[in-house]
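Here the structure comes first, spelled out in structure tokens, and everything after it is commentary.
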Amino acid sequence: MKLEKTADFQEPQTRTFTYVLKHPGGAEQKISFDVQIPPDEFQDIDEYIAHIIASNHVSRPFQEGSLSAYNVAKAFREFIDCEIESYEDRIGDCLVEEALKNSEKSDDVVNWVRILTPNCFAQSESASTSFCEKFQFVMRNSSHERIEMIISMEKKMSAEVRTPRDFEMEMIARECENAASSSSKEGVADEEHLRRLNDRIRDVSDNYGRQINALADRHRYEYRKLISSLFDHDEFPPDVFSNFSDTTTVVKKSASAVADLNSAKHSASNRFEESFTIYLGAQLKTMHNIRLLTARRLSDLCRVVEVLETNALDSRRLHMNLSLYRRGLNGLLMLVDRNPYYHIHNRTGFARICEQSTELHFDSLQKQLEDISRSGHGFEVEEANMQRFKDVDFEAFGEYTLQVGDVYITRHSSLASVQVIFHLVVDDNLETEDISSRHPCINGLKNIIRLSSKFGITTFGIPLLLVEKTSEKMTVAWCLKRAELIFKCVKGFMMEVCAGNSIAGGGPPAAAVHYNVNFILPDDIAENVYTQITEMFPNIFHLVPSVTV
Numbered sequence: 000m001k002l003e004k005t006a007d008f009q010e011p012q013t014r015t016f017t018y019v020l021k022h023p024g025g026a027e028q029k030i031s032f033d034v035q036i037p038p039d040e041f042q043d044i045d046e047y048i049a050h051i052i053a054s055n056h057v058s059r060p061f062q063e064g065s066l067s068a069y070n071v072a073k074a075f076r077e078f079i080d081c082e083i084e085s086y087e088d089r090i091g092d093c094l095v096e097e098a099l100k101n102s103e104k105s106d107d108v109v110n111w112v113r114i115l116t117p118n119c120f121a122q123s124e125s126a127s128t129s130f131c132e133k134f135q136f137v138m139r140n141s142s143h144e145r146i147e148m149i150i151s152m153e154k155k156m157s158a159e160v161r162t163p164r165d166f167e168m169e170m171i172a173r174e175c176e177n178a179a180s181s182s183s184k185e186g187v188a189d190e191e192h193l194r195r196l197n198d199r200i201r202d203v204s205d206n207y208g209r210q211i212n213a214l215a216d217r218h219r220y221e222y223r224k225l226i227s228s229l230f231d232h233d234e235f236p237p238d239v240f241s242n243f244s245d246t247t248t249v250v251k252k253s254a255s256a257v258a259d260l261n262s263a264k265h266s267a268s269n270r271f272e273e274s275f276t277i278y279l280g281a282q283l284k285t286m287h288n289i290r291l292l293t294a295r296r297l298s299d300l301c302r303v304v305e306v307l308e309t310n311a312l313d314s315r316r317l318h319m320n321l322s323l324y325r326r327g328l329n330g331l332l333m334l335v336d337r338n339p340y341y342h343i344h345n346r347t348g349f350a351r352i353c354e355q356s357t358e359l360h361f362d363s364l365q366k367q368l369e370d371i372s373r374s375g376h377g378f379e380v381e382e383a384n385m386q387r388f389k390d391v392d393f394e395a396f397g398e399y400t401l402q403v404g405d406v407y408i409t410r411h412s413s414l415a416s417v418q419v420i421f422h423l424v425v426d427d428n429l430e431t432e433d434i435s436s437r438h439p440c441i442n443g444l445k446n447i448i449r450l451s452s453k454f455g456i457t458t459f460g461i462p463l464l465l466v467e468k469t470s471e472k473m474t475v476a477w478c479l480k481r482a483e484l485i486f487k488c489v490k491g492f493m494m495e496v497c498a499g500n501s502i503a504g505g506g507p508p509a510a511a512v513h514y515n516v517n518f519i520l521p522d523d524i525a526e527n528v529y530t531q532i533t534e535m536f537p538n539i540f541h542l543v544p545s546v547t548v
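In numbering that gives the first Met the number 0, the protein residues as written are 0 to 548.
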């Protein structure tokens, strides 16, 4: 649509910028400058400011009285913004007046309304401060006493979420096993008794889910209310801690929870670990850190170890809060199947960890997975040939629209040291078959590294063998071949992203990006296999020479 210029004031006009600069001692200097409104598309406002400062002999920023140049620049920018807004308002008034006089152009007016209305809504939404902006401001500018109160509130919320649900369900499940065992021995199956026990398990699970959702909603409301009050009034709401008990309730953990915690402690203290510093690139080298470690499960890297001292836990929470909306995020690659609700339906260790505390900044894991599932269905409908799939029986395929090699992302603020989880869709064949660099999972790995570069994720963990557990079919030769493939592919992908620059905010555009890559092996891998993989590393990567002091 072409905008017809129906009045002279729609043409660019010259406006005069005037400003009275006050010098120390009471002397005043009048500054004036003629500028075209609106400015040319490729005209830099800073060039105008430099010309004004130079022609009027305003003190430079590096000279005494540098505040003078700052005030002039600020006033000129405000003048330009105000004049451009007035210019656009005059155009809008002219169009409305012309439309009222000429009904034949009413369609054009409707089209202009459709174009301008979303922009108006976008500007109004951007004018209001978002929660993440409020949170960043509070964490940067609050006193340490207020930050301690915020962390204390997070700890109390986490303590409220940890309920004896798992313990209760474990007791009912054990009762079911005993009833089934006794019925098999006696040869008589009490189906009614077993059915009642199954109903109890289902009721406990459903009731727990409803309670957790209600509690999470209340936690988010209270937490956002706290941050908004600190941002707007620099004070805590009077009733902020009234809904939380002063004493933390001691909750008895289930046997499975205790076993998971003990194994996580054992895995954290007794595992292989080796670190390297490498160079990437031929001419312009960049330096990165590589760590080769073992873990019983990938989810253990997300678990908050409860044996840490209170100060250590508070420091970890503080670090998470300060780095949550900045570059330098931590990511972890997890392996899932084609079911978008893999974590929910299988109640994986990762899902249990997410349930241990309320997600205060982002949606819950289940809500994020629901959004991913809906977006996946929408993509299939939009991109696929509808005629081609008219006669396909989707019931036979289930509701899974994800394919091997696909990647989806969830965001978290309540995990130990990870803010972003990359979920890579794999299948069972990956544990036995040999793959090449053209495999869909390798392409998914490439997309993960590209996303990490784009969004400022500088630390990420990758399962080196693309499996979480070892099996009898995984021979030594198979492990070495798979490790070599992943090493070389990751090296190539990192060289590709390091050739350019990260576009994430928080640093200068030309700054070299430093990555920390954690290659993770199963905890039960043989020591000789781990040693051979470690010895393979210097043959693939260019290590930084060590310095002997």
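All C-beta atoms, glycine included, are put in the ideal place defined by N, C-alpha and C.
Check: Could you give the C-beta distance for Ser555 and Ala215, rounded to a whole number, given that I count them as a contact under 8 Å?; Outcome: The displayed coordinates of the chain run from 0 to 548. Any statement about residue 555 would go beyond what the structure contains.
Check: For my contact list, Leu331 and Leu300 are in at a C-beta cut-off of 8 Å; report their separation, rounded to the angstrom.; Outcome: 6 Å
Check: What's the C-alpha gap between Asn70 and Met319?; Outcome: 37 Å
Check: Pairs of beta-carbons, one from the region 351-358 and one from the region 441-452, closer than 8 Å: are there three or more?; Outcome: no
Check: I'd like the ranges of any beta strand (DSSP E) spanning at least 3 consecutive residues and lying wholly in the region 425-507.; Outcome: 456-462
Check: Give me the Cα-Cα distance between Leu334 and Ile532, rounded to the nearest whole angstrom.; Outcome: 21 Å
Check: With a floor of 3 residues, list each beta strand (DSSP E) that falls wholly inside the region 25-86, ordered by position along the chain.; Outcome: 27-36
Check: Go to Ala350, then tell me how far its beta strand (DSSP E) extends in each direction, as first and last residue.; Outcome: Note, Ala350: premise wrong, no beta strand (DSSP E); alpha helix (DSSP H) at Gly348 to Glu354.
Check: In the structure shown, what three-state DSSP assignment does Phe518 receive?; Outcome: strand
Check: To the nearest angstrom, report how far apart Ser142 and Arg223 are at their CA atoms.; Outcome: 18 Å
Check: Check this for me: beta carbons of Phe271 and Leu297, under 8 Å apart or not?; Outcome: no
Check: In chain order, what residues of the same chain lie with their CB nearer than 6 Å to the CB of Gln62, ignoring the 5 residues before and after it?; Outcome: Residue placement at Gln62 is flagged as unreliable, the pLDDT there being 47, under the threshold of 50; a coordinate-derived value is accordingly withheld.
Check: At the level of alpha carbons, what is the spacing between Phe540 and Tyr278?; Outcome: 7 Å
Check: Of all the CB atoms in chain D, is at least one closer than 8 Å to the CB of Met493?; Outcome: You won't find chain D in this structure, because it holds only one protein chain.
Check: For Asn345, which of helix, strand or coil comes out of DSSP?; Outcome: coil
Check: Report the rounded CA-to-CA distance for Val528 versus Val512, giving the unit in angstroms.; Outcome: 32 Å
Check: What residue range does the alpha helix (DSSP H) around Val137 cover?; Outcome: Phe130 to Asn140
Check: What would DSSP say about Ile524, mapped onto helix, strand or coil?; Outcome: coil
Check: Could you tell me if Glu526 is buried or exposed, where buried requires 16 or more neighbouring beta carbons within 10 angstroms of its beta carbon?; Outcome: exposed
Check: Where Leu463 and Ala482 are concerned, what is the direct C-alpha to C-alpha distance, given to the nearest angstrom?; Outcome: 6 Å
Check: Using three-state DSSP, classify Glu272 as helix, strand or coil.; Outcome: strand
Check: According to DSSP, simplified to helix, strand and coil, what is Gln418?; Outcome: coil
Check: Applying the criterion that 16 or more other CB atoms from any shown protein chain within 10 Å of the CB defines a buried residue, is Tyr514 buried or exposed?; Outcome: buried
Check: Look up Thr543 in the DSSP assignment and say whether it is helix, strand or coil.; Outcome: Checking the sequence shown, residue 543 turns out to be Val, not Thr. Correct three-state label for Val543: coil.
Check: Closest by CA to Glu132, which one among Ile352, Cys93, Asp231 and Val417?; Outcome: Asp231
Check: Quick one: what's got a C-beta closer than 8 Å to Ile44's C-beta in the same chain, skipping five residues either side?; Outcome: Pro38, Phe75, Arg76 and Ile79
Check: Does the separation of the CB atoms of Asn549 and Arg290 fall below 8 Å?; Outcome: An answer regarding residue 549 cannot be provided, because it is not within the stretch 0 to 548 covered by the chain.
Check: Take Ser470 and list the residues in its own chain whose beta-carbon comes closer than 7 Å to its own, dropping the five residues that flank it on each side.; Outcome: Glu430
Check: Is Phe459 near Arg410, with beta carbons less than 8 Å apart?; Outcome: no
Check: If you follow the beta strand (DSSP E) that Val19 is part of, which residue opens it and which one closes it?; Outcome: Gln12 to Lys21
Check: What residue range is occupied by the uninterrupted beta strand (DSSP E) comprising Gly330?; Outcome: Leu328 to Val335
Check: Bridge partners for Tyr278 per DSSP, in chain order?; Outcome: Met286 and His541
Check: So, at 6 Å on beta carbons, what are the nonlocal neighbours of Leu520 in its own chain, with the 5 sequence-adjacent residues on each side left out?; Outcome: Thr293 and Leu463
Check: What would DSSP say about Ala294, mapped onto helix, strand or coil?; Outcome: strand
Check: What does the alpha-carbon distance come out to for the pair Val489 and Glu273?; Outcome: 18 Å
Check: Please name the residue, chosen from Ile211, Met286, Thr474 and Gly24, that lies closest to Ala158 on a Cα-to-Cα basis.; Outcome: Ile211
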